[in-house]
Every structure is written in C-alpha cells, then in structure tokens.
Amino acid sequence: MARAKKAKATSNPEVRQSEIVEPTKQLDYEGNPLPDLPDLSWMGNTFQWGTKALPERHGGGLTLAAVNIGIYGDIPEHIPHRNRLPRGAVPVATAGSIGGYYIQDKYEQWADSSPYLYEEAISRRWASATDIPWDTGHGLSDDVEIAIAQVATELSNWGSVETEVVSAWLQNLSPGYHEVKYFLSTAVYDSSRMEEGYRKRAMLNGAGMMLESPGRMNRACLESYGSWSNTVLFMWLLRGSLMQAIVRYLSVYGPTEADRELAFRVLPDIMRKSAYACDHIRFAISKRSELTTTMNAGLTVAEFSQLSDFNDPVLWEALAIIFGDGVENMDQGMEMVLELQQYFLETYIDKCNQANLGREAQIRSGAWRGILMGVPMTGHATPDEMREQVAIIMQKNNPFA
Amino acid sequence: MATKTPTKRATAKKTKFPSVAWFEAVAAITRVDAQYQKFGRLNAVIAFKSGNSIVQANFDVLHIHEIQEIEEDEMRDCDFIIELEPAQWKDMLKDIKKNGTASLDWTLNTLDLKYDEPIHRNDLEDGFKADLFFRYLPSLQVYFDNSSQIDTGY
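So this is what it looks like as structure tokens:
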C-alpha cells in the first residue's frame, strides 16, 4: 500500500519506475520487473541437513527411537532454554524465556527406555468400552458385587490421582527431553483408562461407587513437591507395587470373566509405568549418587502413609469377600489377602533393587515385618497386638526357644 | 468334504513339543492372527524351557523369528525365560487344544501366580527384563492359544 501511494505522487514515469523498482530488482526478457521473492534465508537454518530416519522392520514403522540419529540423538545433560524449544531446533532470540520448565537436567527426568515405552503404549492401546466382555460381569451375589464395587472405587480413585499428578508435573519438565514427556502423556492416558475402566465396573450391576480410599497415600503422591523423582518413587515404586499386586490377583481370582479381563488389560499399563520408574531412578542415582540418601528418606515417609492406609480395613475386607466368594468365607479370603500383601512387599523390594535403592533391610525389619512373617494387616489389630502375633511366630520358629 | 475329514485327521502328522518345528508352526499362525496384531508391538527374546529342551524365539515387533534350540548357558542372553516341567507343558497344551484357548487354570498368568515359584525369570536377575513378561502377557497368551490349531505330539 505504501508503495502504491508513492507511485501516484510522482508525475515522471521514469522517476516513478526507479522509485518503485528496487535497484536489485530482476527483470524478465521484456524488461518487466519480476515479482518480489520471499527471503528464504531461514532455509539454511538446520544443524544437520541430510539426516534421514528409516522406519523399523517387521511392522514397527517410523519410531521415536529411529529418529534419534545424528545430532538429534544426542541427549544433553542440561537444557539451558526455559521455553518450548524442541531439541535439535535452532533457537530464536524473540522466543525468550517463559519462566517455566524448571526441571532442566537430564538426571531429574530421563530414562533410556522412554522412547520405547512410548511406542509400546501407543501400539498396545485398548479401550475399556469395547475390549472388556462386560456381558460376562453379571450374576454375582450381592455381597461379592458390593465388594468388587468397593475395590473398583478405590482403584478408580488411584487412577484419578495418577492422572492429575502426572499432568501437573508435565508443564515443569523441559521439552528438550521430549521422549519422557511423550511417554508420560501415555501414562496419563493409561491412568485415566484405569480410572474410567474401574468406574464402569462399579456401575455395572447397581452397586455403584462406594467409599473413597483413606487418602493418605493419595496425598503423599499429590504433595510430593520435592522433585519429580520423588513423585515417581511414591507413586510408581511404592503405590505402583500395591496396585500391581491387587490387579494381578484380580486378573486370576477376579469374580467374573469381565473382572479378570479388565485387570489383565490394566496390568501391562501399570508395568510400563513401573519400568519407567525403575529405569529413571537408577539413571538419576548413577548421575548423582547423593540422591540415594534423600530418596530413601522420602520413601521412609511415604511408607508411613502407605502403612496408615493399610490400617483401614475396608479394602482388605472387600478383597477377602471377593477371594472367599462371600462374607461367610471371609477368613479363607483373608488368607489370600495376606498372600497379596506379601506379594506387594516382595514386588516393592524387587523394584527398589531394580532402581538401585536398597530398601530390603528396612522393609524386613520395620513395621511391615509382620506381613512377611504371616500376620496380615487387616485394620482390626492394634500395632501392639500385631507385635504380639509376630513375637509368637518368632518364638515358634526359633529352634533354641 | 465331510467324508474326507476323519481320514485327514487320522493321518495328520503331529508336531512334537518341544521342538523348533512346533514353535515355528505356532509362529506362522500367530504372525497373521488379527488379535495378536491388535495387541500391538512387543520386543523380547524369550526362551521356553521344558526339561532339558530349550527353544528360543525373537518376538520382534509383530514378527516372530530366529526360532532355534539353545544351550542352558545361552539363556542368560534372553530377556526372560518361561519354564515349566514337561508334564505341566503337556497339561497346559492339552487344555488349550480341548478348549480352543487356555481355561482360567492354565493361562500363563495363572500358572505364574499359582505355582510356588513364578514360571518366568531372567537368568541374570534383571528385573526390568523379567517384567517384560507382564507387559506382553496378552500377546504371549494368543501365541500359545494358537497351538490349538495344530496337532501336538509329545
């Protein structure tokens, strides 16, 4: 528009042309000016032209790991930019800092398995609406139906907490480690699917949503502000081990085919999060060995929250009713609950070992010892009563007594 | 067709379990199985042990290949091992043959939980690799359920 006005104000056609056409303007063979070409100098801004990614064989497609090649596969120890700069892209000054993404170090979030876990989660996705044979989930006695609705309510509740906790952290993690963010996005989805899957189960036959879980461990996960690694420890090593134990037992001893299949499909989702957790914590400790102390201290506190939730009888009674196939056989069901609680602790110890955090001595000698010695935590015995039961077992097992 | 079927069944060659031929035959069915493909990608080199016989297979995305016999000391290179006693393998496969798929008592998941020791392990006690068993259970169950489509000899 500015150029057009300038042309009108000039009476001499020659002068007018010289003002309109830039000195460098190219002309065609008849002397007419060629249209302006855009400035394409930005096209030279790539750090490594010619880096070509190849799809995987055997139907794997073009995966995230397959594009981590050349300089794009170099994962730096620190991301200096506090903005949305994608790793490997050329920074521009105007993008500035938005002041977020304060978790900028690799040891604070990284796990080598992240790109693989992401592809696995995407490829192995499923839908609770259509992949569960809901028509097989009927015909239970009222007590067992109410019990499974109670367990479903708590699992749904835990899924909800995970979704919110991971979502809240995502905005703080640097986009430079996009593999982690992608994987965590699938974790949010997996947790939501657990939440909605178990909500559907509770609603299937009329029992509906029952009591929410006591909430101390939920709060420990939600309020683990110290670091993302702390959250991972609380949520996917400690509580994740309990979640794995309950879902594992439901996948075999669930009261209906629908219950078993739902648990069977949820289990691999839990295991991917557990894999990331162990891999990440092991990596973090390999970079900063002093973290072992703070992580162990954090877990000691979180274990108290978990222990406190264990003292609520509702979940254990509901599981005992399910495993015993009714209120009248709860005692037999409680034997399986003890087995489940022992499975949880052994799984937790194994995961801590995988992550290079030795918790075995603390677990086997501390407040959890009773369970490992065969005294289930039912929420009905006081700590003194449990200690007394443990002492009796120890005396029985002592050949010199 | 109806008159031919009994004759065909009577003369059908049985594929011996465990053997490379048996795992190849089931792999050929599984690779094109729509449910197996729907369950999605997996990446694990798995050893199947029955008595002294060990067969290894590479579950590579949606492909199953590199099926071969291996020695005991080569199991350390596998992501995980699934081991059952020969009689347990036989009972499991017979149950699958009878029902088309494993009944609840004979799924890999049930056997792993119900026996005193899990049926899966990593020989170097690498928990990360051993846990692949749980991540890929739905696919592995489809694989063994497909054995109902072949005649197995023992």
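Residue numbers (the numbering used here), protein chains in the order written: chain A, 1 to 401; chain B, 402 to 555.
Just so it is clear, CB atoms sit at the ideal spot from N, CA and C, and this is done for glycine as well.
All values reported here derive from a predicted model rather than from experimental measurement.
Look at the alpha carbon of residue 506 of chain B and the alpha carbon of residue 80 of chain A, and state the distance between them as a whole number of angstroms. Residue numbering aside, residue 506 of chain B sits at position 105 when the second sequence is read from its first letter. Residue numbering aside, residue 80 of chain A sits at position 80 when the first sequence is read from its first letter. Taking C-alpha positions only, residue 506 of chain B is separated from residue 80 of chain A by approximately 55 Å.
Rounded C-beta distance between residue 348 of chain A and residue 237 of chain A? I'm assuming under 8 Å. In the first sequence, residue 348 of chain A corresponds to position 348, counting from 1. In the first sequence, residue 237 of chain A corresponds to position 237, counting from 1. Contact flag correct, Cβ pair sits at about 7 Å.
Are there three or more Cβ pairs, one per stretch, closer than 8 Å when the segment 367-386 of chain A is compared with the segment 340-355 of chain A? They touch, by the three-pair rule.
Just checking my contact of residue 117 of chain A with residue 275 of chain A at CB under 8 Å: how many whole Å lie between their CB atoms? As a first step, residue 117 of chain A is located in the first sequence; it is residue number 117 there, counting from the start. As a first step, residue 275 of chain A is located in the first sequence; it is residue number 275 there, counting from the start. Yes, they are in contact, since the Cβ atoms of residue 117 of chain A and residue 275 of chain A sit about 6 Å apart, within 8 Å.
Check the C-beta distance from residue 357 of chain A over to residue 296 of chain A and give it rounded, since I have them as a contact under 8 Å. Here residue 357 of chain A corresponds to residue number 357 of the first sequence, with the count starting at 1. Here residue 296 of chain A corresponds to residue number 296 of the first sequence, with the count starting at 1. Yes, residue 357 of chain A and residue 296 of chain A are in contact; Cβ-Cβ is about 6 Å, under 8 Å.
Run through the DSSP bridge pairs and tell me what residue 369 of chain A is partnered with. Taking the first sequence and counting its residues from 1, one reaches residue 369 of chain A at position 369. None, per the DSSP bridge assignment.
Closer than 7 Å at the beta carbon, the chain B residues around residue 354 of chain A: On the first sequence, residue 354 of chain A is found 354 positions in, with the first residue counted as 1. At a beta-carbon threshold of 7 Å, the residues of chain B lying near residue 354 of chain A are 528, 529, ordered along the chain.
Using the beta-carbon count (16 or more within 10 Å), is residue 231 of chain A buried or exposed? The residue given as residue 231 of chain A occupies position 231 in the first sequence. Within a 10 Å sphere around the beta-carbon of residue 231 of chain A sit 16 or more other beta-carbons, which makes this residue buried.
Determine the DSSP secondary structure at residue 92 of chain A, reduced to helix, strand or coil. Start at 1 with the first residue of the first sequence, and residue 92 of chain A comes out as number 92. Correct three-state label for residue 92 of chain A: coil.
Note down, in chain order, each residue of its chain lying with its Cβ closer than 7 Å to the Cβ of residue 390 of chain A, except the 5 sequence neighbours on either side. In the first sequence, counting from the first residue as 1, residue 390 of chain A sits at position 390. Non-local beta-carbon contacts of residue 390 of chain A in its own chain, meaning distances under 7 Å to residues more than five positions away in sequence, involve 369, 370, 373, 375 in chain order.
Among A/309, A/229, A/380, which one has its Cα closest to the Cα of residue 105 of chain A? Position 105 of the first sequence, counted from the start, is the residue given in the question as residue 105 of chain A. Considering only alpha carbons, the answer is A/229.
For residue 407 of chain B, decide whether its Cβ has a neighbour in chain A, counting only Cβ atoms nearer than 9 Å. Here residue 407 of chain B refers to the residue found at position 6 of the second sequence. Per-residue confidence for residue 407 of chain B stands at a pLDDT of 47, beneath the threshold of 50, marking its modelled position as unreliable; no derived number is given.
Consult DSSP for residue 33 of chain A and reduce its assignment to one of helix, strand or coil. On the first sequence, residue 33 of chain A is found 33 positions in, with the first residue counted as 1. Strand.
Give me the chain B residues within the contact set of residue 286 of chain A, using Cβ-Cβ distance strictly less than 9 Å, ordered along the chain. In the first sequence, the residue the question calls residue 286 of chain A occupies position 286. In chain order: nothing, as chain B lies at least about 14 Å away.
Please report how far the alpha carbon of residue 60 of chain A lies from the alpha carbon of residue 540 of chain B, in whole angstroms. Position 60 of the first sequence, counted from the first residue, corresponds to residue 60 of chain A. Position 139 of the second sequence, counted from the first residue, corresponds to residue 540 of chain B. Rounded to whole angstroms, residue 60 of chain A and residue 540 of chain B show a C-alpha spacing of 16 Å.
Less than 7 Å between C-beta atoms, sequence neighbours within five positions excluded: which residues of the same chain meet that for residue 477 of chain B? The residue given as residue 477 of chain B occupies position 76 in the second sequence. Correct list, in chain order: 524, 525.
Separation of residue 382 of chain A from residue 392 of chain A, as counted between CA atoms: The residue you call residue 392 of chain A lines up with position 392 of the first sequence. The residue you call residue 382 of chain A lines up with position 382 of the first sequence. Looking at the two C-alpha atoms, the distance is approximately 16 Å.
Using a Cβ cut-off of 9 Å, which residues of the segment 310-341 of chain A contact any Cβ in chain B, in chain order? Cβ contacts with chain B: none found.
Listed in chain order, which residues of the segment 180-211 of chain A have Cβ atoms closer than 8 Å to some Cβ of chain B? Result list empty, no residue passes.
Between residue 501 of chain B and chain A, is the shortest Cβ-Cβ distance under 9 Å, so that the two count as touching? Locating residue 501 of chain B in the second sequence gives position 100, where the first residue counts as 1. No, residue 501 of chain B lies away from the interface with chain A (no Cβ there is under 9 Å from its Cβ).
Between the alpha carbons of residue 481 of chain B and residue 74 of chain A, how many angstroms are there, rounded? As a first step, residue 481 of chain B must be located in the second sequence, where it is residue number 80. As a first step, residue 74 of chain A must be located in the first sequence, where it is residue number 74. In this structure, the alpha-carbon of residue 481 of chain B lies about 30 Å from that of residue 74 of chain A.
Is there a Cβ of chain A sitting closer than 9 Å to that of residue 443 of chain B, yes or no? For this step, residue 443 of chain B is matched to residue 42 along the second sequence. Yes, residue 443 of chain B counts as interfacial toward chain A.
Going by other Cβ atoms of all chains shown within 10 Å of its Cβ, with 16 needed for buried, is residue 268 of chain A buried or exposed? In the first sequence, residue 268 of chain A corresponds to position 268, counting from 1. The residue in question, residue 268 of chain A, is buried, as its Cβ has 16 or more Cβ neighbours within 10 Å.
Spell out whether any CB of chain B is found under 9 Å from the CB atom of residue 67 of chain A. Counted from its first residue, the first sequence places residue 67 of chain A at position 67. Residue 67 of chain A is outside the set of residues whose beta carbon lies under 9 Å from a beta carbon in chain B.
Out of A/82, A/294, A/242, A/254, which one is the CA nearest neighbour of residue 140 of chain A? Taking the first residue of the first sequence as 1, we reach residue 140 of chain A at position 140. Considering only alpha carbons, the answer is A/254.
Residue 481 of chain B bridges to which residues according to DSSP? Residue numbering aside, residue 481 of chain B sits at position 80 when the second sequence is read from its first letter. In DSSP, residue 481 of chain B forms a bridge with B/447.
How is the alpha helix (DSSP H) around residue 178 of chain A delimited, first residue to last? Working through the first sequence from its first residue, we reach residue 178 of chain A at position 178. Taken as a continuous stretch (DSSP letters only), the alpha helix (DSSP H) holding residue 178 of chain A covers 178-203.
When DSSP builds the beta bridges, which residues end up paired with residue 138 of chain A? Walking along the first sequence from the start, residue 138 of chain A turns up at place 138. According to the DSSP secondary-structure assignment, residue 138 of chain A is paired through a beta bridge with no residue.
Using a Cβ cut-off of 9 Å, which residues of the segment 237-265 of chain A contact any Cβ in chain B, in chain order? The residues in question are 244, 248, 249, 251, 252, 253, 257, 260, 264, 265.
Name the one or two DSSP bridge partners that residue 458 of chain B has. One-based indexing of the second sequence puts residue 458 of chain B at position 57. Answer by DSSP bridge pairing, in chain order: B/447.
Kindly indicate which residue of B/512, B/545, B/548, B/550 has the alpha-carbon position closest to the one of residue 248 of chain A. Within the first sequence, the letter at position 248 stands for residue 248 of chain A. Here the closest residue by C-alpha is B/512.
Own chain residues within Cβ distance below 6 Å of residue 490 of chain B, not counting five before or after: Here the question's residue 490 of chain B lines up with position 89 in the second sequence. Here residue 490 of chain B has 451 as same chain residues with Cβ atoms under 6 Å from its own Cβ, once five neighbours each way along the sequence are excluded.
Short CB-CB distance (under 9 Å) between residue 221 of chain A and chain B: Position 221 of the first sequence, counted from the start, is the residue given in the question as residue 221 of chain A. Not one chain B Cβ lies under 9 Å of residue 221 of chain A.
So that I know if they touch, is there some Cβ in chain B lying closer than 9 Å to that of residue 268 of chain A? The count along the first sequence starts at 1 and reaches residue 268 of chain A at position 268. Any Cβ of chain B closer than 9 Å to the Cβ of residue 268 of chain A would place that residue at the interface, and such an atom is present.
State the start and end residues of the unbroken beta strand (DSSP E) segment that holds residue 468 of chain B. Position 67 of the second sequence, counted from the first residue, corresponds to residue 468 of chain B. That run of the beta strand (DSSP E) goes 464-470.
Considering only their Cβ atoms, is the gap separating residue 260 of chain A from residue 190 of chain A smaller than 9 Å? Residue mapping note: residue 190 of chain A aligns to position 190 of the first sequence, counting from 1. Residue mapping note: residue 260 of chain A aligns to position 260 of the first sequence, counting from 1. No, the pair does not count as a contact, with Cβ atoms beyond the cut-off.
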